[in-house]
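Since the structure comes first, as structure tokens, the remarks are kept for the end.
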Amino acid sequence: MLCFAASVVDQNDHSPKFSQEVYAATIIENSPPSQPLLRVTAFDLDDGINAELTYRLQDDPDELLNVDKRLGIVSNAAAIDFEAASTLTATVVATDGGSPARSASAAIVVKVVNVDDEHLTFSVPHYGFTVAENQPAGTLVGHVSAVDADLRPTERRVRYGLAVNQDSRMFYVVESSGAVLTNASLDFERRRNHRLVVTAVDFLHPGFTAACDVTVTVGDVNDHRPRFVFPSPGSVDRVALEVDGRHPINVVVCTLKARDDDDNDNGRLTFSLVSDHDADLVSFNLDPVSGQLRLVAEQLSVSVCNPLQCSKL
Ligand SMILES: [Ca+2]
Ligand SMILES: [Ca+2]
Ligand SMILES: [Ca+2]
Ligand SMILES: [Ca+2]
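The opening position of the sequence shown corresponds to residue 66 in my numbering, with each subsequent residue numbered one higher.
Okay, here's the thing in structure tokens:
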């Protein structure tokens with residue numbers, strides 16, 4: 066009696082098929098690595114190795130997710146920072162063991178749940194502003210800004226204030242906006258710099274505070290006229306000087322001194338002579354910078370009192 070045995074060899078004629086097109090999960094920010102998030106499942110209607118599936122991920126450039134190649138369990142590869150990535154996406158691919166192999170893919174979407182883990186921070190630790198002197202109280206000096214990366218732009222939970230110090234009474238800060246304004250007119254000649262400390266607090270979490278330094282530089286305005294120190298101290302524009310007509314020529318008679326409380330060009334003085342009598346001018350030479358006054362002619366034979374005018378050019 067003859068016996069015949071027949072067997073059917075499986076052909077890899079079926080591709081794997083995922084149970085879902087999209088797999089979704091959530092993860093709480095800062096969770097430690099290797100938290101199981103979801104499980105993907107694919108089926109293959111072939112037999113044996115032709116239905117033996119392995120899973121892998123692609124389109125996960127930061128490699129924040131892992132998948133168990135046999136079990137299809139997707140986990141996080143690292144702690145996730147919500148402020149850096151609020152949603153993670155990847156593609157999972159299932160491949161069978163056939164030759165040639167067949168594969169299928171599905172999408173993975175993991176939403177990250179925000180944790181209030183960020184603190185208020187000023188955009189810079191030190192602000193420098195300049196405001197001209199003599200401006201009325203209420204003049205805007207500048208803006209400071211503190212942000213909490215946990216907050217969306219529409220969430221306004223920051224309140225600004227001014228720490229009390231020796232300069233703080235001259236300024237105030239708008240609580241809601243961080244605008245710094247003057248409380249009084251500033252005087253460059255009295256104080257050129259003011260130092261402030263602006264604070265910010267999250268009013269839902271009063272323990273969350275931040276502070277920044279603010280330097281307000283007062284800009285000079287030419288608000289002082291030159292005044293003579295010598296002779297006739299305090300005189301603004303005329304000095305009386307008695308010159309002996311016998312004084313030798315080209316020898317310094319005296320050195321005029323004047324001051325101006327303003328800064329740089331606003332306080333830089335030059336001297337010049339003016340007279341109602343032009344003839345008097347030719348008798349004198351006045352150095353515009355040093356203020357040294359000399360007789361340069363001998364026309365003066367008697368003592369005269371010449372009104373000399375000093376002016377800033
Ligand atoms: Ca197959
Ligand atoms: Ca956060
Ligand atoms: Ca001034
Ligand atoms: Ca001046």
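All C-beta atoms in this analysis are idealised placements derived from N, C-alpha and C, irrespective of residue type, glycine included.
Which two residues bound the contiguous beta strand (DSSP E) that contains residue i?
i: S246; result: The sequence given here places Leu at residue 246; Ser does not occur at that position. Residues 244 to 247.
i: P271; result: 270 to 284
i: R447; result: Outside the displayed span of the chain (66 to 378) sits residue 447, for which this structure offers no information.
i: S168; result: 168 to 178
i: K134; result: Careful: K134 lies outside any beta strand (DSSP E) and carries neither H nor E.
i: T119; result: 119 to 123
i: R324; result: 322 to 324
i: F349; result: 349 to 351
i: Q357; result: 357 to 360
i: V294; result: 292 to 295
i: A155; result: 152 to 160
Return the first residue and the last residue of the alpha helix (DSSP H) that residue i is part of.
i: D345; result: 343 to 346
If you draw a straight line from the alpha carbon of residue i to that of residue j, how long is it in whole angstroms?
i: G207; j: N287; result: 23 Å
i: T152; j: K176; result: 5 Å
i: L102; j: A169; result: 21 Å
i: V347; j: N199; result: 42 Å
i: I138; j: L261; result: 56 Å
i: D278; j: R255; result: 21 Å
i: P313; j: V361; result: 9 Å
i: V234; j: F253; result: Reading the sequence as shown, one finds Arg at residue 234 and not Val. Each residue's Cα considered, the two are about 16 Å apart.
i: V239; j: E94; result: 34 Å
i: E269; j: N141; result: Strictly speaking, residue 269 in this sequence is Leu, with Glu absent from that position. Straight-line Cα distance between these residues: approximately 31 Å.
i: R359; j: V283; result: 40 Å
i: R167; j: V157; result: 14 Å
i: D327; j: L185; result: 41 Å
i: V196; j: L130; result: 53 Å
i: H289; j: N331; result: 8 Å
i: N371; j: E307; result: Only weak support exists for where N371 lies, its pLDDT of 35 falling under 50; the value from the coordinates is given anyway. Looking at the two C-alpha atoms, the distance is approximately 7 Å.
i: V367; j: V294; result: Model confidence at V367 stands at a pLDDT of 32, short of 50, so the residue's coordinates are unreliable; what they give is reported in the following sentence. Cα-Cα distance, rounded: 27 Å.
i: V339; j: L251; result: 36 Å
i: D345; j: D325; result: 27 Å
i: G226; j: V245; result: 10 Å
i: L118; j: V74; result: 19 Å
i: S297; j: H342; result: 21 Å
i: S355; j: L321; result: 8 Å
i: S164; j: V180; result: 48 Å
i: V189; j: G243; result: 13 Å
i: Q76; j: A159; result: 18 Å
Under the criterion of a Cβ to heavy atom distance below 8 Å, does residue i qualify as lining ligand 1?
i: A107; result: no
i: P165; result: no
i: L110; result: yes
i: N131; result: no
i: S170; result: no
Using 8 Å for Cβ pairs, my map puts residue i next to residue j. What's the rounded Cβ distance?
i: I173; j: Y88; result: 5 Å
i: F187; j: S210; result: 7 Å
i: A228; j: A265; result: A228 to A265, Cβ: 11 Å. No contact.
i: P291; j: A323; result: 5 Å
i: T280; j: N258; result: 6 Å
i: F83; j: A116; result: That belief does not hold up - the Cβ atoms of F83 and A116 are roughly 14 Å apart, past 8 Å.
i: E148; j: A214; result: 5 Å
i: R224; j: L216; result: Contact doesn't hold; Cβ gap of about 13 Å is too wide.
i: I92; j: Q85; result: Actually they do not touch by this definition, with Cβ atoms about 18 Å apart.
i: V132; j: R121; result: 7 Å
Would you say the beta carbon of residue i is closer than 8 Å to some non-hydrogen atom of ligand 2?
i: V180; result: yes
i: A214; result: yes
i: E254; result: no
i: F236; result: no
i: T198; result: Here the sequence assigns Glu to residue 198, which means Thr is not the residue at that position. No, Cβ of E198 sits at least 8 Å from all heavy atoms of ligand 2.
Relative to ligand 4, is the shortest distance from any of its heavy atoms to the C-beta of residue i smaller than 8 Å?
i: P190; result: no
i: R290; result: yes
i: G272; result: no
Could you check if residue i belongs to the surroundings of ligand 3, using beta carbon to heavy atom distance under 8 Å?
i: V281; result: no
Any chance the CB of residue i is under 8 Å from a heavy atom of ligand 6?
i: G203; result: For ligand 6, the structure offers nothing, since it holds only ligand 1, ligand 2, ligand 3 and ligand 4.
> Going along the chain, which unbroken runs of the alpha helix (DSSP H) with 4 or more residues stay wholly within the stretch 193 to 242?
Replying inline: none
>> Give the list of continuous beta strand (DSSP E) stretches no shorter than 3 residues that lie fully inside the stretch 80 to 110.
In response: 87 to 93, 101 to 104
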